[in-house]
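Under the working numbering, read the sequence shown as residues 710 to 1145, first letter to last.
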Amino acid sequence: MSIPTKAAPTRAAILLPWEHGGRRNGPREAEARLAEAIGLAASIGLVIAHDEIVQLRAHRPATLFGEGQVSRIAESIAEAEIDVAVVDSVLSPVQQRNLERAWKCKVIDRTGLILDIFGERARTAEGVLQVELAHLAYQRSRLVRSWTHLERQRGGFGFLGGPGETQIEADRRLITDRIARLRRELDEVRRTRALHRAARNRVPYPVIALVGYTNAGKSTLFNALTGATVHAQDQLFATLDPTMRLIVLPSGRHAILSDTVGFISDLPTELVAAFRATLEEVAAADIILHVRDCAHPDSAAQRADVISVLDGMARSGMIDEGWSSRCIEVMNKIDLLDPATADLPGPAAIAVSALSGENLETLRAAIDARLAGAMQVATYWLAHADGAALAWLYRHGEVLSRADGEESIAIEVRLRPEDRARFERDHEAALHAPSP
C-alpha cells in the first residue's frame, strides 16, 4: 500500500511595479507596499521564493513591464522554480496572458490574490455567496477578453489552481446566469438581515463598529472588550464576516460591538460592492472606532486608505456625510512601541494595547461619554405597580436619580432620543407629575 505524498508547497514570486514619484503609488513607501504583498501571499500558504521592486519608466499596454525587465524576470523565475508570479498591481487580461507566456508560469494580479484570500476565509453563507459573486465578475472579464480555449481558463473560483474544470468557466452566458442567481440569493439574505436589524432596533442598543486597515488588531480589541473568542491572529484578512457581541460600559449601559473586515489599499471594486454586510454595520453604527496599528511604519498611509474608503461610501450614499463626527481614533499596539522614541497620538486619539489591556478602561469610558453626549435627560413619574416600565428604563437608560414617593416613583434618566420617543409613546401617563 502506497503512502500518499504531501503536495509540494506552491513557490511564488512577488513583483511590485513601482513608478518613482508616480501618482498611482500614493503616499506609501515601496518597501512597505512590497512587505504587505508578501504578507498577503504568505497568508494563503504560498512560499515566497523571490520578491523585488521593479522600477517602471512607463506602463506598457502589452506587458506592463519593459521588454528587458520581462526577460530578466523570466530568468529569475526559471532559476527560482516559481509556480505562480504575483504582480502587485492591476493587470489587464492581455497583460496577464502575455506575462504567462513569457514567464511560463501562472500569473495573478493584486485583485486575483485578494479574491483568493477572501475565498479561503469566508465562513458564513452570505460571505461565501459574496466571494463567489466577486470571483465570477472578475473571471467574466478574463474569459471574454483574453482566453479562447478551455485549457487556458481559470478553473473554479480561485486563480492558483490548474486549467478549467467545467464548461461554466468557458461559457459567458452560463457565468452571467450564475451571477444573476447569486444576486437573487444575496438579495434574500440581505432582506433577512434587514429584518434582524429591525428586530434589534425594537430592543435598541447603540452599535459600535470597529473599522481599520487589515491586521490593525481589530479582532484582538474586539475580544478584549467583549470577552469573546473571535478568531484573531497576526495575519492579513484573518476576519471576513461581521461578528457582533454585547458589551457593558462603565455606566452600566449596554451596547453592541461589531467586528468587521479589514480595509486595504487598492481594495478590488468587486469586493467593495460584495461585502455590503460589513459596510452596512458601519453605516448603522452610533460610534465608529477606527483602529490603527500605531507601530506600523506605514500607519499614516493606512489611515488615509481607510478614510478614503469611508469617504467613498459617503459619496455613494452608503453612510452619511458626517460619519467622521461619530468616529473615535484608536491607536492600537502601543506595547510594540519604544517609549523613548514613540510618537504617541494627540488628545483626539486614544492609545491602547488590545493584547496587554493597557488603557482599555480609558477607551470604554470614552465610548460611554460619547454615547452619553448624544442622549437626552428626562423625568418620569411611574406608578409603584408599573415595575415593567421601571425595569425598561434601567435596562435602556442611565438612571440619574430616583425618589420613591407615596403616590409614585419620580425617576430622572438619560436616554437615547429613539428610546425616549418609544417610552413616551408607550407610557404617556408617566410624562405628567401626579396631583398633590
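Even for Gly, the Cβ is constructed at its ideal location relative to N, Cα and C.
- The beta-carbon distance between A992 and M1027, rounded to whole angstroms, is 6 Å. This is short enough to meet the 8 Å contact definition.
- Spanning the alpha carbons of Q764 and R851 requires a straight line of approximately 26 Å.
- Within its own chain, the residues whose Cβ lies closer than 7 Å to the Cβ of E761, once the five positions on either side in sequence are excluded, are L724, listed in chain order.
- Within the same chain, Cβ atoms closer than 8 Å to the Cβ of L1109 are found at V1086, E1121, V1122 and R1123, the five residues on either side in sequence being excluded.
- Within the DSSP secondary-structure output, S1110 pairs in a beta bridge with E1121.
- For the pair P959 and R1104, the Cα-to-Cα distance works out to about 14 Å.
- Between S785 and P726, the gap from beta carbon to beta carbon reaches 7 Å or more.
- Rounded to whole angstroms, the separation of the alpha carbons of R1134 and R1079 is 26 Å.
- Only exposed fits G754, as fewer than 16 other CB atoms lie within 10 angstroms of its CB.
- Comparing C-alpha distances from E809 to each of Q848, A783, E745 and F827 shows the shortest one belongs to A783.
- In the three-state scheme derived from DSSP, where H, G and I count as helix and E and B as strand, Y914 is classed as coil.
- Here S974 carries a coil assignment [DSSP, helix/strand/coil].
- The beta carbon of Y914 is closer than 6 Å to those of H963, A964 and I965 in its chain, skipping five residues each way along the sequence.
- The segment 889–903 and the segment 834–849 touch, with no fewer than 3 CB-CB distances between them shorter than 8 Å.
- Within 10 angstroms of the beta-carbon of R830 lie 16 or more other beta-carbons, which makes it buried.
- Comparing alpha-carbon positions, the option among G921, Y922, N924 and I956 lying closest to A933 turns out to be I956.
- By the criterion of at least three beta-carbon pairs nearer than 8 Å, the segment 1062–1070 is not in contact with the segment 1090–1100.
- Here L919 is buried. Its C-beta has 16 or more other C-beta atoms within 10 Å.
- Judged by beta-carbon spacing, D1002 lies within the 7 Å limit of A925, meaning their Cβ atoms are closer than that value.
- Closest in C-alpha terms to I1118, from the list T1088, V1039, E1107 and A1130, comes T1088.
- The beta-carbon separation of I757 and A721, rounded to 6 Å, stays under the 8 Å limit for a contact.
- Inter-residue distance for R819 and R892 is about 24 Å (C-alpha atoms, whole angstroms).
- For H759, the pairing in a beta bridge is given by DSSP as A722.
- With a contact defined as Cβ atoms closer than 8 Å, V970 and V1000 miss out at about 13 Å.
- Contact between Y922 and I997 is absent: CB atoms are separated by about 14 Å, not below the 8 Å threshold.
- Distance from the Cα of Q1011 is smallest, within the candidate group P718, E728 and A741, for A741.
- Distance check between M953 and each of V916, G961, T929 and D975 places V916 closest, using alpha-carbon atoms only.
- Distance between D1113 and F931, taken at the CA atoms: about 40 Å.
- In this structure L749 touches I823 by the C-beta definition: roughly 7 Å separates them, less than 8 Å.
- In this structure, the beta-carbon distance from S1025 to E990 does not fall below 7 Å.
- Closest option to A811, judged by alpha-carbon separation, among E841, S801, G821 and Q778: Q778.
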